[in-house]
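A.B. asks: Residue numbers (the working numbering): -12 to 206.
Heads up, the beta-carbon is just placed ideally off N, CA and C, and yes, glycines get one too.
Take a look at this one; I'll ask things after.
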């Protein structure tokens, strides 16, 4: 199955899901940090040529500590931004010693305002200069407690250990997510319960947090 047919299949399922469950579905196309110029160009064109309204942007991600062509990604993202596509980027999921290429990419994307939302960003607070840029630009940060626990090899045992508590304390835009429900055996409700329990948040505070996730969704 080619990429175009694969995407059309997903959108068909989205349409049926919206009709059946009264929900809203949107799709971000994955732009791999290891992608060649031709691959980047193809992904951006697939997103730009969408006429259904379901594709709202790109999701930048890839294996950690891997050589990547930052100029290739930057060029592709500039085209995307010029054409009003939104960009989410997986940044700083591991500490700098494990993913030095990823931190170099983070610096460029933040400096050139090529990202609209940060996925994970688990180790951002170990790099004050990056945090300053994220806070200054008010870039929403997605927090996935269970996923962040597992990808940190158990280092972050509580949401109080996570970057969630630091960003929440300063009123920074946040969105709680379950990342991959099947892989991590969790649900969005489970994640909100974990945040509420670990950080002693009451119902009204969780309601505000939930509403903020809708606010920062790409439409």
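Which residue marks the beginning of the alpha helix (DSSP H) containing residue 152, and which one marks its end?
C.D. replies: Taking the chain shown and counting its residues from 1, one reaches residue 152 at position 165. From DSSP, the alpha helix (DSSP H) with residue 152 extends over 150 to 156.
A.B. asks: Please go through the same chain and pick out, in chain order, the residues whose beta-carbon is closer than 7 Å to the beta-carbon of residue 244, but skip the five residues on each side of it.
C.D. replies: In this structure the chain extends from -12 to 206, so residue 244 is not present and cannot be described.
A.B. asks: Given 8 Å as the limit, is there contact between the stretch 190 to 202 and the stretch 22 to 34, that is, 3 or more CB pairs closer than that?
C.D. replies: no
A.B. asks: My guess is that residue 117 and residue 94 are in contact by the Cβ rule of under 8 Å, so how many angstroms apart are they, rounded?
C.D. replies: Locating residue 117 in the chain shown gives position 130, counting from the first residue. Locating residue 94 in the chain shown gives position 107, counting from the first residue. Contact annotation, residue 117 with residue 94: C-beta distance approximately 7 Å; criterion of less than 8 Å satisfied.
A.B. asks: Let me know if residue 20 comes out buried or exposed under the rule of 16 or more other beta-carbons within 10 Å of its beta-carbon.
C.D. replies: In the chain shown, counting from the first residue as 1, residue 20 sits at position 33. Flag for residue 20 reads buried.
A.B. asks: If you scan the stretch 1 to 82 from start to end, which runs of the beta strand (DSSP E) of 3 or more residues do you find wholly inside it?
C.D. replies: 14 to 19, 42 to 48, 73 to 78
A.B. asks: Are there three or more Cβ pairs, one per stretch, closer than 8 Å when the stretch 138 to 158 is compared with the stretch 84 to 93?
C.D. replies: no
A.B. asks: Buried or exposed: residue 54, going by 16 or more other Cβ atoms within 10 Å of its Cβ?
C.D. replies: Looking up residue 54 in the chain shown gives position 67. By the 10 Å Cβ count, residue 54 comes out exposed.
A.B. asks: Return the CA-CA distance between residue 123 and residue 105, expressed in angstroms with no decimal places.
C.D. replies: Walking along the chain shown from the start, residue 123 turns up at place 136. Walking along the chain shown from the start, residue 105 turns up at place 118. Those two C-alpha atoms are separated by around 14 Å.
A.B. asks: Where do the N-terminal and C-terminal ends of the beta strand (DSSP E) with residue 200 fall, by residue?
C.D. replies: Within the chain shown, numbered from 1, the residue matching residue 200 stands at position 213. Where residue 200 is concerned, there is no enclosing beta strand (DSSP E), although the alpha helix (DSSP H) it sits in stretches over 190 to 202.
A.B. asks: Can you give the Cα-Cα distance for residue 79 and residue 136, rounded to whole angstroms?
C.D. replies: For the purposes of this step, residue 79 is identified with residue 92 of the chain shown, where counting begins at 1. For the purposes of this step, residue 136 is identified with residue 149 of the chain shown, where counting begins at 1. Distance between the alpha carbons of residue 79 and residue 136 is about 14 Å.
A.B. asks: In three-state terms, what does DSSP make of residue 161?
C.D. replies: For the purposes of this step, residue 161 is taken as residue 174 along the chain shown, with counting starting at 1. It is a strand residue.
A.B. asks: Report all residues from its chain with a CB closer than 6 Å to the CB of residue 120; omit the five preceding and five following residues, and keep chain order.
C.D. replies: Looking up residue 120 in the chain shown gives position 133. Excluding residues up to 5 positions away in sequence, 97 lie with their Cβ nearer than 6 Å to the Cβ of residue 120 in the same chain.
A.B. asks: Terminal residues of the continuous alpha helix (DSSP H) containing residue 87?
C.D. replies: Residue 87 sits at position 100 when you count from the first residue of the chain shown. Where residue 87 is concerned, the enclosing alpha helix (DSSP H) stretches over 87 to 98.
A.B. asks: Name, in chain order, the residues that DSSP records as bridge partners for residue 104.
C.D. replies: Start at 1 with the first residue of the chain shown, and residue 104 comes out as number 117. According to DSSP, which records beta bridges pairwise, residue 104 is partnered with 75.
A.B. asks: Less than 8 Å between the C-beta atoms of residue 44 and residue 73, yes or no?
C.D. replies: Looking up residue 44 in the chain shown gives position 57. Looking up residue 73 in the chain shown gives position 86. In contact: residue 44 and residue 73 (Cβ atoms closer than 8 Å).
A.B. asks: Closest to residue 203 by CA distance: which of 102, 70, 40 is it?
C.D. replies: Position 216 of the chain shown, counted from the start, is the residue given in the question as residue 203. Nearest option by C-alpha distance: 102.
A.B. asks: Per DSSP, which one or two residues make a beta bridge with residue 129?
C.D. replies: Residue mapping note: residue 129 aligns to position 142 of the chain shown, counting from 1. Its beta-bridge partners are 106, 162.
A.B. asks: Looking at the structure shown, is residue 142 part of a helix, part of a strand, or coil, going by DSSP?
C.D. replies: Numbered from its first residue, the chain shown carries residue 142 at position 155. Looking at residue 142 - three-state DSSP - the assignment turns out to be coil, as it is neither helix nor strand.
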